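> In the working numbering, the protein residues as written are 1 to 624.
(1) Taking 8 Å as the limit between beta carbons, can you name the residues of its chain near residue 202, skipping five residues before and five after?
(2) Which two residues bound the contiguous alpha helix (DSSP H) that contains residue 245?
(3) Around the Cβ of residue 33, are there at least 16 other Cβ atoms within 10 angstroms (buried) or fewer (exposed)?
(4) Can you tell me which residues form a DSSP beta bridge with residue 114?
(5) Do residue 174 and residue 116 come within 8 Å of each other at the CB atom, strictly closer than that value?
(6) Is the Cβ-Cβ distance between residue 30 and residue 125 less than 8 Å?
(7) Could you tell me whether the region 304 to 322 touches the region 369 to 386, where touching means 3 or more Cβ pairs closer than 8 Å?
(8) Below 8 Å, can you find three or more Cβ-Cβ pairs linking the region 493 to 513 to the region 432 to 450?
(9) Do you know whose CA, among 366, 60, 323 and 102, lies nearest residue 345's CA?
(10) Of the choices 149, 120, 469 and 91, whose alpha-carbon is the least far from that of residue 106?
(11) Kindly indicate which three-state DSSP category residue 549 falls into: helix, strand or coil?
(12) Near residue 262, which residues of its chain fall below 7 Å by C-beta distance, leaving aside the five closest residues on each side in sequence?
(13) Are the region 586 to 594 and the region 557 to 574 touching by the rule of at least three beta carbon pairs closer than 8 Å?
(14) Pull the bridge partners of residue 85 from the DSSP assignment, please.
(15) Between the Cα of residue 555 and the Cα atoms of 385, 593, 8 and 250, which residue gives the shortest distance?
(16) Which two residues bound the contiguous beta strand (DSSP E) that contains residue 372?
(17) Between which two residues does the alpha helix (DSSP H) harbouring residue 126 extend?
(18) Return the first residue and the last residue of the alpha helix (DSSP H) that residue 314 is part of.
(19) With which residues is residue 625 paired in a DSSP beta bridge?
(20) For the beta strand (DSSP E) containing residue 159, name the first residue and the last one.
(21) I need the straight-line Cα distance from residue 326 to residue 226, nearest angstrom please.
(22) Leaving out five residues on either side along the sequence, give the residues of the same chain with a beta carbon under 6 Å from the beta carbon of residue 148.
(23) Using the C-alpha atoms, what's the distance from residue 384 back to residue 406?
(24) Just to confirm the assignment: which complete alpha helix (DSSP H) runs, minimum length 4, are found wholly within the region 391 to 425?
(25) Could you tell me if residue 222 is buried or exposed, where buried requires 16 or more neighbouring beta carbons within 10 angstroms of its beta carbon?
(26) When the Cα atoms are used, what is the spatial distance from residue 659 to residue 71?
(27) According to DSSP, is residue 47 part of a helix, a strand, or is it coil?
(28) Let me check understanding here. Comparing Cα to Cα, which of 551, 339 and 269 lies closest to residue 635?
(29) Are at least three pairs of beta-carbons, each pair with one atom in the region 410 to 422 and one in the region 473 to 493, less than 8 Å apart?
(30) Between 540, 68, 518 and 355, which has its C-alpha nearest residue 132's C-alpha?
(31) Between 449, 466 and 338, which lies nearest to residue 378 when the distance is taken from Cα to Cα?
(32) From this set, 526, 592, 434 and 180, which residue's C-alpha is nearest residue 290's C-alpha?
(33) Counting Cβ pairs, one atom from each stretch, are 3 or more of them under 8 Å apart for the region 529 to 542 and the region 589 to 607?
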């Protein structure tokens with residue numbers, strides 16, 4: 001095991017800053033998560049990226065916002081800016097269940113304490129810092145900034161909110177993966193400081209100058225009083241129009257999602273009050289070398305020593321895993337990945353991946369088992385359009401729905417090569433695939449026989465060598481109508497994949513389980529759809545465990561449909577279960593096998609006039 005000193009982590013206290021011999025800081029990052037120095041934790045990534053640029057960076061994790069605010073004062077003011085992230089999750093998803101119940105734990109906090117971050121940390125932290133240091137720029141980042149960069153529906157407040165820049169008072173926001181925009185931002189601020197006076201600090205940069213400096217940085221969002229729309233700009237319905245007309249709110253989202261997923265996107269403008277939210281188009285996808293650089297930085301891969309052995313559940317989950325790519329072209333209607341990472345896959349080199357595996361081997365409690373070699377979708381590594389020119393013109397949110405794009409290269413051989421190289425490393429006993437696999441990619445028949453051969457080889461190797469007894473997949477529903485709204489493949493594909501899974505298990509002498517994920521109360525889903533789901537899964541001998549109620553999260557097609565009642569792409573009406581009774585009525589069908597749910601389910605099916613489904617679930621001889 002490698003020995004680390006306190007200075008191997010980014011500093012979190014005045015003492016740690018002094019140990020490095022620093023008299024001042026360039027950037028101070030505030031995070032709603034505990035500080036884990038690992039490439040899966042956003043604050044650590046941004047901190048290390050800026051450190052690699054020669055900047056003096058500190059992280060203040062989970063500051064106490066309730067007391068005398070000493071956590072916000074202890075490191076003073078930075079020369080360039082404060083950066084704020086709520087953490088790896090939207091704070092409200094982190095704190096509340098789909099039924100708006102307060103969660104009893106927080107996976108990103110030592111010992112899972114649930115009270116270490118406020119609701120909307122981006123807003124709370126910014127407002128505190130603005131009172132203490134009104135002249136220091138504040139830049140928001142992370143998933144909360146990405147999901148809330150424009151007018152959005154907030155499920156927990158049950159109202160439409162403007163851009164989080166309006167609510168927080170921050171000076172700018174970076175959406176998506178922030179390595180490139182944050183580096184460009186610091187370069188411009190440093191240059192500006194030198195031009196003003198080498199001896200002066202950030203307070204010498206007036207707000208107007210800050211805005212001028214960031215105005216054309218890709219992935220940057222800011223507020224402007226007067227904006228002239230340029231050719232190619234997309235002007236959304238204003239925030240005030242969205243408050244009055246739900247259909248306009250729905251219509252806005254189509255543009256937002258399309259521009260999030262385009263290779264060459266347009267600038268987006270939206271008026272709110274007397275200001276305009278300006279959303280600059282994103283950077284092109286990172287190159288392999290750029291992504292490698294982000295992952296190859298000198299992370300300790302450990303929680304900060306200040307936690308003294310306290311358990312951080314989110315870290316325990318990923319500490320023996322390797323993220324091999326970014327992005328997902330699935331385009332699922334309920335998923336926020338497109339709002340944050342986009343649909344273009346950026347893959348790491350084999351060398352970078354193997355280097356990280358070697359680093360994991362040095363961790364104190366590593367026993368030879370990797371929990372995951374994956375990504376947002378585990379089997380999209382190195383997949384891309386054969387003809388990039390076609391991709392550059394494409395506005396489709398998904399490359400595989402309703403059918404796999406004929407321009408998509410679905411070759412699984414690069415991924416097989418990674419698995420073989422990792423498994424050949426001395427000390428690696430087994431590598432599991434813990435993140436979700438897209439079985440529609442495994443079933444797809446390409447026009448290229450070599451690609452089809454690689455897919456078949458991958459499917460067998462995955463099932464035979466990389467499943468820890470249970471393979472989790474996500475059909476999400478059994479109704480093809482609901483699946484269409486979800487942008488998921490028809491349920492028949494799950495049935496087909498299950499047959500393949502069972503056959504390979506028999507041939508390999510294995511007794512593994514296929515564990516399907518399902519969602520209730522998704523827009524378009526009715527009680528009858530859930531009843532039919534119960535019957536179908538019973539016939540397939542599933543007693544469902546991995547289930548959840550749909551949770552409306554900002555910046556997804558499904559949330560906009562749920563709130564507005566209109567599908568953002570067609571503007572046709574869509575039914576959604578909204579109140580507690582409707583949601584519970586759908587959810588109970590997951591658990592048809594539980595005695596306590598039997599009476600309610602039978603009564604509900606009788607009310608629907610579906611005696612046939614009662615017979616299929618419970619048989620004709622019932623004690624009711």
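Beta carbons: idealized from backbone N, C-alpha and C, even for Gly.
Computed from a predicted model, the values in this text were never measured in an experiment.
If we stick to the structure as given:
(1) Because residue 202 carries a pLDDT of 43, less than 50, the predicted location of this residue cannot be relied on, and the following value inherits that uncertainty. The answer, listed in chain order, is 77, 78, 79, 80, 81, 135, 136, 137, 189 and 193.
(2) Element bounds for residue 245: n/a, residue is neither H nor E.
(3) buried
(4) Answer is none; residue 114 lacks a bridge partner.
(5) no
(6) yes
(7) yes
(8) yes
(9) 323
(10) 91
(11) strand
(12) 395
(13) Result no; under three Cβ-Cβ pairs closer than 8 Å.
(14) Residue 85 is bridged to 31.
(15) With distances taken between Cα atoms, residue 555 lies closest to 250.
(16) 372 to 374
(17) 121 to 132
(18) 313 to 318
(19) In this structure the chain extends from 1 to 624, so residue 625 is not present and cannot be described.
(20) 159 to 161
(21) 36 Å
(22) Result list for residue 148: 164 and 554, in chain order.
(23) 11 Å
(24) Runs found: 413 to 423.
(25) Looking at its Cβ environment, which holds 16 or more other Cβ atoms inside 10 Å, residue 222 is buried.
(26) One cannot answer for residue 659 here, as it falls past the ends of the chain, which runs 1 to 624.
(27) helix
(28) Residue 635 lies beyond the range of the chain shown here (1 to 624); nothing can be said about it.
(29) No, because fewer than three Cβ pairs between the region 410 to 422 and the region 473 to 493 fall closer than 8 Å, the two stretches do not touch.
(30) 68
(31) 466
(32) Out of 526, 592, 434 and 180, 180 has the C-alpha closest to the C-alpha of residue 290.
(33) yes
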